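Enquirer: There's a structure below that I have some questions on.
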Amino acid sequence: MFKYTVKRLAQSFITVFIVVTLVFLLMRMLPTDYYFTEEQLMKFTEQQKNDQLLAAGLLDPVPEQLLRFYGQLLRLDFGESRRIQNGVPVVKVIGTKFEISMKMGLTSLGIAVVIGIVMGIIQAQYKNRIPDHLGTAYTIFVNAVPPLVSYSLVLIFGSRVLGLPSIYSSRNPGPSSILPIVCLAMLSIAWWALWTRRYMIDEINKDYIKLARIKGLPTKKIMRKHVLRNAFVPLAQYLPASILTTVGGSLLVERFFSVPGMGPLLTDSIHRYDLNVVQTLVIMYSVLSILGVFLGDVLMIVVDPRITLTNKGGTR
Amino acid sequence: MKDQNNTQNDILESEDDLFRFVEYSPEAAEMTGYSDYSYWKSVFQNFVKKKSAVVLTIIFILMVIFSFVALAIGKYDYKTLETNSSQSFISPDSEYWFGTDNIGRDYWCQVWYASQTSIKLAFIVAVGECLLGITIGCVWGYVRKLDGFFTELYNLINNVPMIIYMTLIALLIGQSFKIMAISLICFDWLVMARNVRNLVIIYRDREYNLASRTLGTPVHRVLIKNILPQLISVIILRLALSIPGTITMETTLSYLGLGLDINTPSLGILLRNARSYFLDYPYLLIFPAVIVSIITVTFYLIGNAFSDASDPRNHV
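Sequence lines, in order, name chains A and B. Counting with this note's numbering, you get residues 4 to 319 for the letters of the first sequence. Counting with this note's numbering, you get residues -5 to 310 for the letters of the second sequence.
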């Protein structure tokens, strides 16, 4: 297990390294005028622009910049933001936004997991009857209709009928984050319900469940002790990844409700050419996604001891 | 069948030449396994059996036809629309069937023109993604030496958030219908190629393919005649689901300002413009939202039904 972990982490490290280098090179493809605000572009002469770029080391040959960048990374120095918040360390810029996104994301994920799994269980229990059809209709609707439309519907219903604030404000974060949380949860409820139902139905059709029924175990107990537990194993794999991705926030939801979270930060920083922010975010996202998959595998082993990731003697 | 029985009876009648050698004739050799099974006929029969799917298909076709009719019968032509702020926010009436938008343009022709744009984009992307995805997927799965290369390429493209690519494309190359279509194809083939690759690997070394190879069948024939037919249901499902997927992607990207340019009306652009006003003028949201939902939901369900029908295992 230890050897496997080390090998896998080394592999992930290489992936992150390549991704970061790729993004670094991609960002250097933009013309240098993007480094300045419009105001600066108007005021500065060519000479001043050149001086600024030289001082920031942005006119050096790309390989040299790349090497310097690796050196900074090794010292865990992510640099300062240039355009989003001038001169503030990137870690700080991300830190404040990070908290908002994560709170919202974790709340919605918690709601979604509970409601989604309960919905899936009910659907599996009443397969091909009205509750099942209702649930399927919900999942199809949420999956097929573009989120922009369903968010708009939530927004209209929430603000017109329930009188909730339609835009996030930091002065009363409680009520104004209800609608974004509902929107975030809506999609993942459908996901959890869909897969809980699918795995449970697969499990119900297996022979050992029939045996349990023949033995005379009550349905409730079969569902709780056998079906749900076994159906949860494949789901467990996605849990860590979904917890970790809440940190990244949702671009669309946060834009839609003007939440000052992590979601829009990436596009904003690319648009405003804030190199250090972009690079740090990319490193963060790729580390999180790789870590998510890895922790998912670990959790799966914990939930189901029969699963091993390394080859034992005799297995294939 | 009949001919065969007759010949058999003839043989039995004259017991003397019970075991005479029959002269080889290719037609007769083909006769033995004859049945009037035809793959596409069974697909069609299975599909027609599902009444809901047929109804949805008809609804979809009617809607596409109607979008042309609607543009023809509308009182305004999209290309000659003029901004007129005194006419803004007129609720739907006999002159403006869907009302007017914030700068006083007829909404009816905008909505129908936009749905045509979105449907066109979705179909182009779906077909392009299929061609590229199947070709690369086959090579990826069949040629062992290239497996590592394509897997790395897949990881590389998949690990950098797509939003970075889209932002860079929007900044560096620009925004237009063509660019949008090409860049969506460039990202969407990944999923298709991966699905195809996994299936090709499963079927690649089956005995019948081994036999085919030993008999000297050229590679392209093995791929097209022996392997591809096994993949049809998966390909069709992916193709059908990519249409709502593309429309969703388009609305999201356009909403974020990374999709089509503002002068190409699409459902995403309309929804984006509506975001600021629809709380006061709900009709600005409802018309594009209903149309986009009809397109995506029908296609989602049709796709599922058709893929069930095209799976040979479900054929009688």
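A virtual CB, placed ideally from N, CA and C, is assigned to each residue, including glycine. Here the structure is a predicted model, which means the values were calculated and not measured.
1. Note down, in chain order, all residues in the region 229 to 259 of chain B with a beta-carbon under 8 Å from any beta-carbon belonging to chain A.
2. Assess, as a yes-or-no matter, whether the region 97 to 106 of chain B is touched by the region 156 to 175 of chain B under the definition of 3 or more beta carbon pairs within less than 8 Å.
3. So, for residue 208 (chain A): in the same chain, excluding its five sequence neighbours on each side, which residues have a beta-carbon less than 8 Å away from its beta-carbon?
4. Would residue 14 (chain A) be called buried (16 or more neighbouring beta carbons within 10 Å of its own) or exposed?
5. In chain A, what lies closer than 7 Å to residue 105 (chain B) by C-beta?
6. Using beta carbons (cut-off 9 Å, strictly below), is residue 227 (chain B) in contact with chain A?
7. Quick one: which chain A residues come within Cβ less than 8 Å of residue 330 (chain B)?
8. Buried or exposed, going by whether 16 or more other CB atoms sit within 10 Å of the CB of residue 81 (chain A)?
9. Spell out the partners DSSP gives residue 311 (chain B) in its beta bridges.
10. Which residues of the region 118 to 141 of chain A have a Cβ closer than 9 Å to any Cβ of chain B? Give them in chain order.
11. Using the C-alpha atoms, what's the distance from residue 128 (chain B) back to residue 76 (chain A)?
12. Can a CB atom of chain B be found closer than 9 Å to the CB of residue 292 (chain A)?
13. For a test of the three-state rule: what should DSSP assign to residue 317 (chain A), helix, strand or coil?
14. In whole angstroms, what is the alpha-carbon distance linking residue 174 (chain B) and residue 284 (chain B)?
15. Compute the Euclidean distance between the alpha carbons of residue 131 (chain A) and residue 200 (chain A), then round it to the nearest angstrom.
16. Quick one: residues in its chain with C-beta nearer than 8 Å to the C-beta of residue 169 (chain A), no 5 flanking neighbours on either side, listed in chain order?
17. Spell out whether any CB of chain B is found under 9 Å from the CB atom of residue 79 (chain A).
18. Name the residues in the region 158 to 170 of chain B whose C-beta lies less than 7 Å from a C-beta of chain A; which are they?
19. Between residue 86 (chain B) and the rest of its own chain, which residues show a CB-CB distance below 7 Å, the 5 nearest in sequence each way excluded?
20. Roughly how many whole angstroms lie between the Cα atoms of residue 41 (chain B) and residue 234 (chain B)?
21. Closer than 7 Å by beta-carbon distance: list the chain B residues that pair up with residue 25 (chain A), in chain order.
22. In the DSSP assignment, what residue or residues form a beta bridge with residue 83 (chain A)?
23. Please decide whether residue 210 (chain B) counts as near chain A, where near means a Cβ-Cβ distance under 9 Å.
24. Check the Cβ-Cβ distances between residue 189 (chain A) and every residue of chain B, and say whether any is below 9 Å.
25. Keeping to the same chain, check which residues put their C-beta closer than 6 Å to that of residue 304 (chain B); ignore five residues upstream and five downstream.
Expert: In short:
1. Those residues of the region 229 to 259 of chain B that come within reach of chain A (Cβ to Cβ, closer than 8 Å) are 238, 241, 242, 245, 246, 249, 250, 252.
2. no
3. Position 205 of the first sequence, counted from the start, is the residue given in the question as residue 208 (chain A). Cβ neighbours of residue 208 (chain A) beyond the five flanking positions: none.
4. As a first step, residue 14 (chain A) must be located in the first sequence, where it is residue number 11. With fewer than 16 Cβ atoms within 10 Å of its Cβ, residue 14 (chain A) is classed as exposed.
5. Numbered from 1 along the second sequence, position 111 holds the residue referred to as residue 105 (chain B). Residues of chain A passing the Cβ test: none, with the nearest at roughly 13 Å.
6. On the second sequence, residue 227 (chain B) is found 233 positions in, with the first residue counted as 1. Chain A contact via Cβ: absent.
7. Because chain B in this structure spans residues -5 to 310, residue 330 (chain B) falls outside the shown range and cannot be described.
8. Along the first sequence, read from residue 1 onward, the residue named residue 81 (chain A) stands at position 78. Of the other Cβ atoms in all chains shown, 16 or more fall within 10 Å of the Cβ of residue 81 (chain A); this residue is therefore buried.
9. Lying before the first or after the last residue shown, residue 311 (chain B) is absent from chain B, which here runs from -5 to 310.
10. none
11. Reading the first sequence from its first residue, position 73 is the one you call residue 76 (chain A). Reading the second sequence from its first residue, position 134 is the one you call residue 128 (chain B). Straight-line measurement puts the Cα of residue 128 (chain B) at about 40 Å from the Cα of residue 76 (chain A).
12. Taking the first sequence and counting its residues from 1, the one referred to as residue 292 (chain A) is at position 289. Closer than 9 Å to some Cβ of chain B, the Cβ of residue 292 (chain A) qualifies, so yes.
13. Reading the first sequence from its first residue, position 314 is the one you call residue 317 (chain A). Per-residue confidence for residue 317 (chain A) stands at a pLDDT of 43, beneath the threshold of 50, marking its modelled position as unreliable; the derived number appears in the next sentence. Coil.
14. Your numbering for residue 174 (chain B) matches position 180 in the second sequence. Your numbering for residue 284 (chain B) matches position 290 in the second sequence. Between residue 174 (chain B) and residue 284 (chain B), the C-alpha separation is close to 24 Å.
15. The residue given as residue 131 (chain A) occupies position 128 in the first sequence. The residue given as residue 200 (chain A) occupies position 197 in the first sequence. Each residue's alpha carbon lies about 12 Å from the other.
16. Your numbering for residue 169 (chain A) matches position 166 in the first sequence. So the list reads 158, 161, 162, 182, 260, once near-sequence residues are dropped.
17. As a working mapping, residue 79 (chain A) is identified with position 76 in the first sequence. Residue 79 (chain A) does not count as touching chain B.
18. 158, 161, 162, 165, 166
19. In the second sequence, the residue the question calls residue 86 (chain B) occupies position 92. So the qualifying residues of the chain are 92, 93, 277.
20. Against the second sequence, residue 41 (chain B) aligns to sequence position 47. Against the second sequence, residue 234 (chain B) aligns to sequence position 240. Cα to Cα, the separation comes out at about 14 Å.
21. Position 22 of the first sequence, counting from 1, holds the residue named residue 25 (chain A). Residues of chain B passing the Cβ test: 150, 154.
22. Here residue 83 (chain A) refers to the residue found at position 80 when the first sequence is read from its first residue. Paired residue(s): A:92.
23. Counted from its first residue, the second sequence places residue 210 (chain B) at position 216. For residue 210 (chain B), the answer is no, since every Cβ of chain A falls outside 9 Å of its Cβ.
24. Here residue 189 (chain A) refers to the residue found at position 186 when the first sequence is read from its first residue. Output row for residue 189 (chain A): interface = no.
25. In the second sequence, residue 304 (chain B) corresponds to position 310, counting from 1. Same-chain partners within the cutoff: 37, 226, 227, 230.
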